[in-house]
Amino acid sequence: MNFPIAMTSRQEPARSLRWLSPALALLLTVVAGAVIFAALGKDPVEALVTFFISPLDSLSGWAEVCVKMTPLLLCSVGLVVCFRANVWNIGAEGQLVAGAIAGGAVALMCNDTTGPWFVVLVMLASALGGALWGAITALLRHKFHANEILVSLMLVYVAQFLLSWAVQGPLRDPDGFGFPQTALFESGALLPVILEGTRLHAGALMAVIAALGIWVLMDKMEIGMEFKISGMAPLAARYAGYRPGHLIWISMLICGALAGLAGGIEAAGPLGQLTPTISPGYGFAAIIVAFVGRLTPLGCVPAAFIMALFYLGGELAQSRLGLPSSITGVYQGLLLFFILACDTMIFYQFKWIGFKKEAA
Numbered sequence: 567m568n569f570p571i572a573m574t575s576r577q578e579p580a581r582s583l584r585w586l587s588p589a590l591a592l593l594l595t596v597v598a599g600a601v602i603f604a605a606l607g608k609d610p611v612e613a614l615v616t617f618f619i620s621p622l623d624s625l626s627g628w629a630e631v632c633v634k635m636t637p638l639l640l641c642s643v644g645l646v647v648c649f650r651a652n653v654w655n656i657g658a659e660g661q662l663v664a665g666a667i668a669g670g671a672v673a674l675m676c677n678d679t680t681g682p683w684f685v686v687l688v689m690l691a692s693a694l695g696g697a698l699w700g701a702i703t704a705l706l707r708h709k710f711h712a713n714e715i716l717v718s719l720m721l722v723y724v725a726q727f728l729l730s731w732a733v734q735g736p737l738r739d740p741d742g743f744g745f746p747q748t749a750l751f752e753s754g755a756l757l758p759v760i761l762e763g764t765r766l767h768a769g770a771l772m773a774v775i776a777a778l779g780i781w782v783l784m785d786k787m788e789i790g791m792e793f794k795i796s797g798m799a800p801l802a803a804r805y806a807g808y809r810p811g812h813l814i815w816i817s818m819l820i821c822g823a824l825a826g827l828a829g830g831i832e833a834a835g836p837l838g839q840l841t842p843t844i845s846p847g848y849g850f851a852a853i854i855v856a857f858v859g860r861l862t863p864l865g866c867v868p869a870a871f872i873m874a875l876f877y878l879g880g881e882l883a884q885s886r887l888g889l890p891s892s893i894t895g896v897y898q899g900l901l902l903f904f905i906l907a908c909d910t911m912i913f914y915q916f917k918w919i920g921f922k923k924e925a926a
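In terms of this note's numbering, the sequence shown opens at residue 567 and continues consecutively.
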């Protein structure tokens, strides 16, 4: 019997399936988390509520999620530019730390007579510090053909050691009883709070503006097309007259500046000083955010919100339920694993039902 339908493979998945993949990955992450919580002897429902619902049960909770979302969003949209250009910058964490050092050093120059405009200089110094740190990777990749994955990753540890040296040496608070930290920044070097009674600061608005700006750059400007073509088809890009070295420099400088700005915001926002633990790994988590966001600037906004929820939910789960501190990292790893698995299924191997063509 001749049926009019058959299993056929699509040439290209529907656009809606691009967003089904991260949604399915998030669902699988939640299910896997419930299994992990049960194995640890915790009530899975209580643990999941603590992890995903409790952080959002008040206005201050939403504000805290947005505070943690800010550096994730800034770093991830910068990484989108690099990854689209086939520049595998894994060192956004180091660029964030370098930006924090530069911005912190400028912030310490502020005194109690300086006006609120001084924070602008702090942000500019942070962006410049991150851009210069990213420029090291661009130089070694462009001039000496070094692997940018290894170079940018190793520079993370160099930046962290540099921060440790700075807060224990030239930038250490002379009245801090020997603790490895700087003095608290004066009010003129701090970001203004935009929601009274919370820690939500102007850096959150800067992150959203940056995401919109990168969206315009990647989708509405010629250089964005150059980034995409260079990443997808390097030979075609060369044939079209694009300069690979030029794109490497621009993508690394943009990403470094945004990551450095994230570091400056962390120092001049929620912390108000430099410490050796300026970041809990925002630069590395931003890699996951970029991929969960489908390597699109606007997609990074909800992805950064979810990752920030993981951070805050993990902290609550540690304090309320006694869960291990590594649970947040486990969830981040699971989310990345499931997003890659779902992409493989949806984009490469999944078969669809279609109609047979009538024989001529």
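Even glycine gets a Cβ: it sits at the ideal position worked out from N, Cα and C.
Compute the beta-carbon to beta-carbon distance between residue i and residue j, rounded to the nearest angstrom, for a pair I have assumed lies under 8 Å.
i: GLY644; j: LEU824; result: 4 Å
i: LYS770; j: THR862; result: Note on identity: in this sequence residue 770 is Ala, with Lys being the wrong assignment. Contact doesn't hold; Cβ gap of about 20 Å is too wide.
i: ILE707; j: VAL717; result: This sequence places Arg at residue 707; Ile is not what is there. At roughly 7 Å, the Cβ-Cβ gap stays under 8 Å, so ARG707 and VAL717 are in contact.
i: ALA671; j: LEU761; result: Rounded, the Cβ-Cβ distance is 29 Å, inconsistent with contact.
i: ARG650; j: MET818; result: Actually they are not in contact, since the Cβ atoms of ARG650 and MET818 sit about 13 Å apart, beyond 8 Å.
i: PHE751; j: CYS648; result: Going by Cβ atoms, the distance from PHE751 to CYS648 rounds to 30 Å, so no, they are not a contact pair.
i: PHE876; j: THR894; result: 6 Å
i: TYR897; j: GLY599; result: 6 Å
i: TRP731; j: LEU864; result: Contact flag wrong, Cβ pair sits at about 39 Å.
Beta-carbon within less than 8 Å of residue i's beta-carbon, same chain only, minus the 5 sequence neighbours each way: which residues are those?
i: PHE603; result: ASP609, PRO610, ALA613, LEU614, LEU889
i: ALA926; result: Legend: pLDDT at ALA926 = 45, less than 50; position of this residue unreliable, value from coordinates given subsequently. Around ALA926: no qualifying Cβ.
i: LEU827; result: LEU640, GLY665, MET689, SER692, ALA693, GLY696, MET772, ALA776
i: TRP683; result: GLY754
i: VAL724; result: GLY660
i: LEU837; result: ILE844
i: LEU729; result: VAL663, ALA666, ILE667, LEU840, PRO842, ILE844
i: TRP815; result: ALA701, ALA704, HIS708
i: VAL774; result: LEU639, VAL867
Could you name the residues that DSSP lists as bridge partners for residue i?
i: VAL759; result: HIS767
With a threshold of 7 Å on Cβ separation, who are the neighbours of residue i within its own chain once the five nearest residues in sequence on each side are excluded?
i: LEU757; result: VAL685, HIS767, ALA768, GLY769, ILE831, ALA834, GLY835
i: ALA874; result: VAL631, LYS634, MET635, LEU638
i: GLN915; result: Residue placement at GLN915 is flagged as unreliable, the pLDDT there being 49, under the threshold of 50; the coordinate-derived value follows with that caveat. Cβ within range, chain order: n/a, list empty.
i: TRP628; result: LEU622
i: CYS866; result: LEU639, SER642, VAL643, VAL646, ALA777, VAL855, ALA856, GLY859
i: VAL596; result: LEU614
i: ALA591; result: LEU901, PHE904, ILE905, CYS908
i: GLU714; result: VAL653, TRP654, ASN655, THR703, ARG707
i: ALA658; result: CYS641, GLY644, LEU645, CYS821, ALA825, GLY849, ALA852
i: ALA883; result: ALA613, THR616, PHE617, LEU889, ILE893
Who are the Cβ neighbours of residue i in its own chain at under 6 Å, not counting the five residues just before and after it?
i: ALA668; result: ALA691, SER692, GLY695
i: THR680; result: GLY754
i: TYR808; result: GLU792, SER796
i: ARG765; result: VAL633, PRO836
i: ARG886; result: THR616
i: PRO746; result: VAL733, GLN734, PRO842
i: ALA869; result: VAL855, VAL858, GLY859
i: ALA589; result: none
i: ASP678; result: GLU752
Would you decide whether residue i is buried or exposed? Buried here means 16 or more other CB atoms lie within 10 Å of its CB.
i: SER587; result: buried
i: GLU788; result: exposed
i: GLY700; result: buried
i: TYR805; result: exposed
i: ILE820; result: buried
i: PRO740; result: exposed
i: GLY879; result: buried
i: ALA851; result: buried
i: TRP585; result: exposed
i: LEU593; result: exposed
i: LEU625; result: exposed
i: VAL733; result: buried
i: ALA799; result: exposed
i: ILE619; result: exposed
i: THR748; result: buried
i: LEU801; result: exposed
i: GLY763; result: exposed
So is the beta-carbon of residue i under 7 Å away from any non-hydrogen atom of the ligand NAP?
i: LEU901; result: The ligand NAP is not among the ligands present in this structure, which contains no ligands whatsoever.
Under a CB-based cut-off of 8 Å, is residue i close to chain B?
i: LEU887; result: The displayed structure is made up of one protein chain only, and chain B is not part of it.
Whole alpha helix (DSSP H) runs in the stretch 575–663 with 4 or more residues, listed along the chain? 581–605, 610–614, 625–650
What runs of the beta strand (DSSP E), each 3 residues or longer, lie entirely inside the stretch 700–751? none
Residue ranges of each alpha helix (DSSP H) run of no fewer than 4 residues wholly in the stretch 835–922, ordered along the chain? 848–858, 866–887, 893–910
At what residue ranges does the stretch 769–823 contain a whole run of the alpha helix (DSSP H), taking only runs of 4 or more? 769–786, 788–798, 800–805
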